[in-house]
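With numbering that gives the first Met the number 0 applied, the sequence shown covers 0 to 116.
Don't be surprised by glycine CBs; every beta carbon is placed ideally from N, CA and C.
All values reported here derive from a predicted model rather than from experimental measurement.
Here's the structure we're looking at; comments come further down.
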Amino acid sequence: MHEMGIATEIVRIVIESIPADLSDPRVERINLKVGKLAAVVPQSLNFCFEVAARQTPVEGAELHIEVIPVLAVCNDCQHRWTIEAPVFRCPQCDSGSLEVLSGRELDIESIELAEDG
Ligand SMILES: [Zn+2]
0 MHEMGIATEI
10 VRIVIESIPA
20 DLSDPRVERI
30 NLKVGKLAAV
40 VPQSLNFCFE
50 VAARQTPVEG
60 AELHIEVIPV
70 LAVCNDCQHR
80 WTIEAPVFRC
90 PQCDSGSLEV
100 LSGRELDIES
110 IELAEDG
């Protein structure tokens, strides 16, 4: 369970990115990209986020989580594919030498603030 640490970090980053000249900022939605390999359970992250956002301008914001597939490239034949099962082997040449190109990320893609009035 590392979701609480991640949720706290998201709240901190979002608060820091709110323009200082807004008198009563309210965050409506946070778009998050999470790689499959980041081992984050979206439901659990949503729950932790709700707790971490309490008493902050982020409270009540919707956390939208997009799960990014794991993309790998074979070091031997340069074949690229998306890993579905936990089998880390090139389906084309059966090499075990590969590099994971994506799937570990955890990025805040965008933050949407509520309109005034
Ligand atoms: Zn290969």
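- Beyond the five residues adjoining it in sequence on each side, A113 comes within less than 6 Å, by CB distance, of R25 and E27 in the same chain, given in chain order.
- Of the residues A37, T81, A52 and H1, the one whose Cα lies closest to the Cα of D106 is A37.
- Contact annotation, V39 with I67: C-beta distance approximately 11 Å; criterion of less than 8 Å not satisfied.
- Ligand 1 has a heavy atom closer than 6 Å to the beta-carbon of S94.
- Between I29 and H63 a beta carbon distance of about 7 Å is seen, short of the 8 Å cut, so the two are scored as contacting.
- G102 and D23 have their alpha carbons spaced roughly 36 Å apart.
- Per DSSP, N74 lies in no beta strand (DSSP E) and is assigned neither H nor E.
- In terms of Cβ geometry, V13 and V57 form a close pair [threshold 7 Å].
- The alpha carbon of E104 has as its nearest neighbour, out of V10, K35 and G4, the alpha carbon of K35.
- Taking a 10 Å sphere around the C-beta of V86, we find fewer than 16 other C-beta atoms and assign the residue as exposed.
- Counting the other Cβ atoms within 10 Å of the Cβ of C92 gives fewer than 16, which makes it exposed.
- If you check the CB distance, C73 and L97 come in under 7 Å.
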